[in-house]
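Using this note's numbering, read the sequence shown as starting at 154 and increasing by one per residue. All remarks here apply to the structure that follows.
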Amino acid sequence: MEKHSTEQLKSICSQVRRDILRMVHACQSGHPGASLGCTEFFVALYFDQMKHNKNFNPDGIGEDLFFLSNGHISPVWYSVLSRSGYFDTKELATFRKINSRLQGHPATEEGLPGIRVASGSLGQGLSVAIGAALTKKMNGDKQTVYALMGDGEQQEGQIWEAAMCAPHHNVDNLIASIDVNGQQIDGPTKEIMNLRDLKAKWEAFGWEVIVTKNGNEITEVIQSLEKAKSLLGKGKPVLNLLHTDMGFGVDFMVGTHKWHGVAPNDEQLENALGQLEETLGDY
C-alpha cells in the first residue's frame, strides 16, 4: 500500500467530507453528522493502516478486514472506498437512488466492492468481526480485523454478548473502535441512556482499551491505531475509544445531534462546501 504524508491525508479528508455532503444533499436523505466526524478514522484505515486490495475478494484471505457496524454512516465509507480505487467516484452520484449499489445502509446483494456484510441493524457488527477474526486464526491468516461501532450503539445488548465472547476465545487479532461523539439520533447519549465509563466497562469484560482523545486529528488517529496493533497477539482483543465531534469540518453542523440524519438544503450545502477545499476533484 502506498504511504501518504500527513498533508496528503488531510487533503483526502477534505475531499471525503465534500463527497459526504454532496451525496446526502443530492438525494435529501442520509446521515452526514457521524460520517463527517469519522472521516479521519476511515482515511487513516484505508490510506495508511490496512493491508487491503482494491481488486475486491469477499473472502479477504491475506488481507486486513474492516466491518462497519453503525452502517448508517455509509457516506464516509463509500467515499473512502471509491477514493481508494474500489469503484469509480462517479458512482457516488447514485447514493440512495433506485437500483443503486450505494444504498443508505451497506448491503451485499448489490455487489459493491469493499462490502462484505450488510450492516446498519445496530449491535451486530462486532459479532461479525469476531467471527471473521476467529476464522483468520483458525486458518493461520496473520492479518488484522477492524470494526467500528457508534457510542449510542453501546445501548444494544448484543454488543455486550460479543464483548464477553472475544476475550473468552482469546480473539487477539481484532481492533474494535467506538466513535465516541456523545450524540445519537434523539439527543446526547448521556440524556438518552448514559454510557458512563466505557473504558472501565470494556476493561472489566477483558479487553485491552486505548483512548484516542482527538479522533479528528489524523496523526493522533494513526498513532492510536499503531498502538492498538502493537497490543495484538497477547491473548486479548483491543478496543479503541475514538473521541470525535459529530459534524466535524462544518461549523454549523459540529457537535450536535441535529445533523445525525438530516440533509443540508442548497444554501447550507454551499456554505458547507465553502469551508472544505476541493483537493481531489468533485465527482
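Ideal Cβ placement from N, Cα and C applies to all residues, glycine included. The structure presented is a predicted model; accordingly, all values stated were derived computationally and were not measured.
Exercise. Rounded to whole angstroms, how far is the Cβ of residue 232 from the Cβ of residue 169, which I believe are closer than 8 Å?
Worked result: 5 Å
Exercise. Where are the beta strand (DSSP E) runs, 3 residues long or more, that stay fully inside the region 305–339, in chain order?
Worked result: 327–333
For this session: Answer yes or no: do residue 319 and residue 283 have a C-beta to C-beta separation smaller than 9 Å?
Result: yes
Exercise. Going by alpha carbons, who is nearest to residue 325 out of 331, 316 and 332?
Worked result: 316
For this session: Would you check if the distance between the CB atom of residue 175 and the CB atom of residue 422 is smaller than 9 Å?
Result: Contact: yes.
For this session: Mark residue 398 as exposed unless 16 or more other C-beta atoms lie within 10 angstroms of its C-beta, in which case mark it buried.
Result: buried
For this session: Less than 8 Å between the CB atoms is what I'm expecting for residue 348 and residue 311, so what's the real figure, rounded?
Result: No, residue 348 and residue 311 are not in contact; Cβ-Cβ is about 16 Å, not under 8 Å.
Problem set entry | Host alpha helix (DSSP H) of residue 365 (start-end) | Not the alpha helix (DSSP H): residue 365 falls in the beta strand (DSSP E), residues 361–365.
For this session: Within 10 angstroms of the Cβ of residue 332, are there 16 or more other Cβ atoms? Answer buried if so, exposed if not.
Result: buried
Problem set entry | Proximity of residue 304 and residue 351 at Cβ, strictly below 9 Å | yes
For this session: Look up residue 303 in the DSSP assignment and say whether it is helix, strand or coil.
Result: strand
Problem set entry | Contained alpha helix (DSSP H) runs [length at least 4] in the region 237–298, N- to C-terminal order | 278–291
Problem set entry | Cβ separation of residue 412 and residue 186, assumed to be a contact under 8 Å, to the nearest whole Å | 4 Å
For this session: Quickly, what does DSSP pair residue 396 with across the bridge? List them, please.
Result: 333
For this session: With distances taken Cα to Cα, identify the nearest neighbour of residue 261 among 300, 211 and 245.
Result: Here the closest residue by C-alpha is 211.
Exercise. On the premise that residue 431 lies in contact with residue 171, defined as a C-beta separation below 8 Å, what is that separation, rounded to the nearest angstrom?
Worked result: 6 Å
For this session: Quick one: give me the first and last residue of the alpha helix (DSSP H) that residue 378 is part of.
Result: 371–383
Exercise. To which residues of the same chain is residue 279 closer than 7 Å at the C-beta, ignoring the five residues directly before and after it?
Worked result: 222, 300, 302, 312, 315 and 329
Problem set entry | Rounded separation between residue 163 and residue 371 - CA only | 7 Å
Exercise. Would you call residue 406 buried or exposed, if buried means 16 or more other Cβ atoms sit within 10 Å of its Cβ?
Worked result: buried
Exercise. So, helix, strand or coil for residue 417, using DSSP?
Worked result: coil
Problem set entry | Three-way DSSP call (helix, strand, coil) for residue 162 in this model | helix
For this session: Throw me the rounded Cβ distance for the residue 323 and residue 388 pair, which I believe falls under 8 Å.
Result: 5 Å
Exercise. With a Cβ-Cβ cutoff of 9 Å, do residue 194 and residue 391 count as a contact?
Worked result: no
For this session: Can you say whether residue 276 is buried or exposed, counting buried as having 16 or more other CB atoms within 10 angstroms of its CB?
Result: buried
Exercise. Tell me which same chain residues have a C-beta within less than 7 Å of the C-beta of residue 188, skipping the five on either side of it?
Worked result: 173, 226, 228 and 229
For this session: Consult DSSP for residue 195 and reduce its assignment to one of helix, strand or coil.
Result: helix
Exercise. Cα-Cα, which of 409, 384, 240 and 197 is closest to residue 327?
Worked result: 384
Problem set entry | Residues near residue 289 in its chain [Cβ-Cβ closer than 7 Å; skip 5 each side] | 296, 298 and 326
Problem set entry | Span separating the alpha-carbon of residue 203 from that of residue 155 | 11 Å
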